[in-house]
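For reference, the structure is listed below as structure tokens.
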Amino acid sequence: MRNFLPIGTVVLVLFAFWYGGAVLLNKNWAYDKAERANIELSFGDMVKDTMTQDKPRLPPPHQVAAELWKTTGAMVQAGKAFGKRSLIYHGWITLSSTVLGFVFGTGLGILLAVGIVHNRAMDKSVMPWIIASQTIPILAIAPMIVVVLASAQVDDLIAKGVISMYLSFFPVVVGMVKGLRSPDHMQMDQMRTWNASRSQTFWRLRLPASAPYLFASLKVGIAASLIGAVVAELSLSQDGGLGARMLVGSYYGQTVQIWSALIAAATLAALMVAVIGMIQTLTLKRMGMAQ
Amino acid sequence: MIWILSVLVFWAVAWWVNIRLTAQKPSRFTGFAVPALFGITLLLLWEGLVRGLGISPVLLPPPSAIGVTFVQSLPILWADFFQTFVKGALSGYIIGCSAAVLVAIAVDRSPFLQRGLLPVGNFVAALPIIGLAPIMVMWFGFDWHSKAAVVVAMVFFPVLVNTVQGLQASDTMQRDLMRTYAASYPQALMKLRLPAAMPFIFNGLKIATTLALIGAIVAEFFGSPIKGMGFRISTEVGRLALDMVWAEITVAAIAGSAFYGLVALLEKGVTFWHPSQRG
């Protein structure tokens, strides 16, 4: 809680910038309207107008909040929580492909890491390519992967999950390799004096030792996975999802809709990272590794 | 059938050679040859399986076809590269990174702001900033300005967080030494704190290289002039001309790796004193 005040200050400053930016960016349209209606617009009226425009260039926070409430809370109250216009519905679509991709990406990442740690040939030949694969802007080929998989009669959910998987496996591989190698010489020697087999060393020493590293990379991985899902939805917008909301919003100039989808995606990312953080604290505490 | 069999045989041979190579004492040659052989094997497997199983080139073109398209459409690829990478990604990268470093230095004098900025920055760095792309396209138009703006937003926070962290990296002893020399704040910053922060800053810069290219390409999906890598990818996917898409991806891969390599090289020159560079 020591950090509460500084964080609060920074967030407040960000909001102040947001409001200031909204006035700056929307004022031209306000003046345009006034000129057409032949009204002299005072500064106060101009500011008031920038806060309530229909399609503002930058919607002020309260407009976004109102739209968010309209598409989540109000829909729930009306009993249409999973209606087509509800952000809960679109968030659910994004969440499901994110989690699917994340689970598979994590599995693949852990398997690769185990292989890399135990097999020198694999370490030498695969590791450089895994690193190189991340200097490639893989999100750029998302539309192609999605279209190809869709035309090969693969389920849309899986097609989107593949993108998420590709983005999330990398942090897991790197973190797990580091974690599986983290036991020091002393500990490895101890295992040897006990005449432990390779699998025993793996299950009793390497795997537990890698847990903190794994959780750190899981947090990065789930955030990357969400980005992958959002971008994949740009190509499969007919299925809905937060990315599709952004695309539709950009077609019709519905800035408030874009921003609310963006905030919803951000909230989703924050929630997922928080959930993993909670699992991390619980697990590490039970393993006696909590800091 | 013969295609599949021969690539499988090649795979087995390459596997065996790699195992033999890694069993030897590691040298510069094996460090290069082992991954190279692995890459070649992957390409050949791809070629052989596509031909052998008769996969339609609409789904997955073989690497040879991609190579031919790449060579044939060099002028288009170059124009796209220039539009997306040089104009969009590179200018945004430079603006975003320098802004982030400057803000970090400005914040550096106030521990209060630092404590607030670090968690918020870490949080924002994990957000899907790419979602800002449609908004930026709306604000700055279809040309490269909007792409640069997306790139600025994407690279800003990772570099900011790393720089703020790096500026705290010099230890108390070193700072005390600066104080005994009666060094002024700018002197201490230039001679101690910034150099000590360089490994952290370069970490951020390296992460930002990939983000910059991704930002510039994905922003083009939301609207662009009739050239650019993202534009080409999305239109050629629509026409199912996947060999062209793959050629464009090759360009992106080369550009991304070269960009990353360049920054890593720069890092090597600047932070030659750091343990991770001496080993």
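One line per chain: the protein sequences are Z and L, in this order. Numbering (the working numbering) for the first sequence: 127 to 417. Numbering (the working numbering) for the second sequence: 1245 to 1523. C-beta atoms are modelled at their ideal positions from N, C-alpha and C, and glycine is treated no differently. Quantities reported herein were computed from a predicted structural model and do not represent experimental measurements.
Beta-carbon proximity check, residue i vs residue j, cutoff 8 Å
| i | j | result |
| --- | --- | --- |
| VAL382/Z | GLU193/Z | yes |
| LEU352/Z | LEU1376/L | no |
| GLU1291/L | PRO1306/L | yes |
| VAL298/Z | ILE236/Z | yes |
| VAL1507/L | THR1454/L | no |
| ALA1499/L | PHE1329/L | yes |
| PRO1372/L | ALA392/Z | yes |
| TRP385/Z | PRO254/Z | no |
| GLY1298/L | ILE133/Z | no |
| GLY354/Z | TYR292/Z | yes |
| ALA1440/L | ALA1413/L | yes |
| MET1442/L | THR1515/L | yes |
| ILE1470/L | ALA266/Z | no |
| SER294/Z | THR197/Z | no |
| PRO1378/L | GLY375/Z | yes |
| PRO338/Z | LEU238/Z | no |
| PHE1384/L | ALA1344/L | no |
| PRO182/Z | ASN152/Z | yes |
Pairwise C-alpha distance: residue j and residue i
| i | j | result |
| --- | --- | --- |
| ILE271/Z | LEU1362/L | 36 Å |
| VAL1302/L | ALA1485/L | 7 Å |
| MET1398/L | ASN1366/L | 13 Å |
| GLY379/Z | ILE1338/L | 30 Å |
| GLY199/Z | THR178/Z | 21 Å |
| VAL139/Z | LYS206/Z | 36 Å |
| GLY1472/L | ALA1497/L | 15 Å |
| PHE1444/L | ALA1348/L | 12 Å |
| VAL1368/L | GLN1316/L | 42 Å |
| ALA163/Z | ALA191/Z | 30 Å |
| ALA370/Z | SER259/Z | 27 Å |
| GLN1418/L | LEU1436/L | 8 Å |
| ILE1248/L | THR1313/L | 24 Å |
| LEU1509/L | LYS159/Z | 54 Å |
| MET302/Z | LEU234/Z | 11 Å |
| ARG398/Z | ILE405/Z | The question names Arg, but residue 398/Z in the sequence shown is Met. The alpha-carbon atoms of MET398/Z and ILE405/Z are separated by roughly 11 Å. |
| PHE1527/L | ILE1310/L | Since the first residue shown for chain L is 1245 and the last is 1523, residue 1527/L is missing from the structure and cannot be characterised. |
| ARG332/Z | ARG307/Z | 7 Å |
| GLN1327/L | ASP1487/L | 21 Å |
| ASN129/Z | SER1354/L | 14 Å |
| ARG412/Z | ASP315/Z | 26 Å |
| ASP1415/L | ASP310/Z | 26 Å |
| PRO334/Z | GLY1482/L | 48 Å |
| SER212/Z | ALA390/Z | 11 Å |
| THR1494/L | VAL240/Z | 30 Å |
Per-residue burial, residue i [other beta carbons within 10 Å of its own, 16 or more giving buried]
| i | result |
| --- | --- |
| HIS216/Z | buried |
| ASN1406/L | buried |
| SER251/Z | buried |
| ILE1451/L | buried |
| MET1380/L | buried |
| LEU131/Z | exposed |
| THR176/Z | buried |
Neighbourhood of residue i by C-beta distance below 6 Å, restricted to the same chain and skipping five residues each side
| i | result |
| --- | --- |
| LEU226/Z | GLY287 |
| GLY366/Z | HIS216 and ILE219 |
| PHE1465/L | GLY1474 and SER1478 |
| TYR1504/L | THR1453 |
| ALA268/Z | ILE289, VAL357 and ALA358 |
| VAL1251/L | LEU1288, LEU1289 and GLY1292 |
| ILE1374/L | VAL1462 |
Supposed contact pair residue j and residue i - C-beta distance, whole angstroms, cut 8 Å
| i | j | result |
| --- | --- | --- |
| GLU359/Z | THR224/Z | That belief does not hold up - the Cβ atoms of GLU359/Z and THR224/Z are roughly 10 Å apart, past 8 Å. |
| GLY403/Z | LYS345/Z | 7 Å |
| LEU1286/L | VAL1294/L | With a Cβ gap of about 13 Å, LEU1286/L and VAL1294/L do not count as contacting. |
| PHE1276/L | ASN1262/L | In fact, because the Cβ distance is near 12 Å, the residues do not count as touching under 8 Å. |
| GLY1336/L | ALA1456/L | 6 Å |
Any C-beta of chain C under 8 Å from that of residue i
| i | result |
| --- | --- |
| ILE1374/L | Judged by its chain identifiers, the structure shown contains no chain C, and its protein chains are Z and L. |
Sequence-distant residues of its chain with Cβ nearer than 7 Å to residue i (five each side left out)
| i | result |
| --- | --- |
| VAL1231/L | Past the edges of chain L, shown from 1245 to 1523, lies residue 1231/L, and the structure says nothing about it. |
| ALA395/Z | ALA349 and LEU352 |
| VAL137/Z | none |
| GLY1332/L | TRP1388, LYS1391, ALA1392, VAL1395 and ALA1460 |
| SER336/Z | MET302, GLY305, LEU306 and SER308 |
| GLU1511/L | PHE1446 |
| ALA1258/L | LEU1281 and THR1285 |
| MET317/Z | THR327 and LEU331 |
Cβ shell of residue i (< 8 Å), same chain only, five flanking positions each side left out
| i | result |
| --- | --- |
| GLU1492/L | LEU1321, ASP1324, MET1473, ARG1476, ILE1477 and GLU1480 |
| TYR145/Z | PRO186 and PRO187 |
| VAL276/Z | It should be noted that the sequence gives Ala, not Val, for residue 276/Z. Correct list, in chain order: ASP282, ALA285 and LEU362. |
| THR1274/L | LEU1265, THR1266 and GLN1268 |
| SER168/Z | none |
| TYR157/Z | LEU167 and MET172 |
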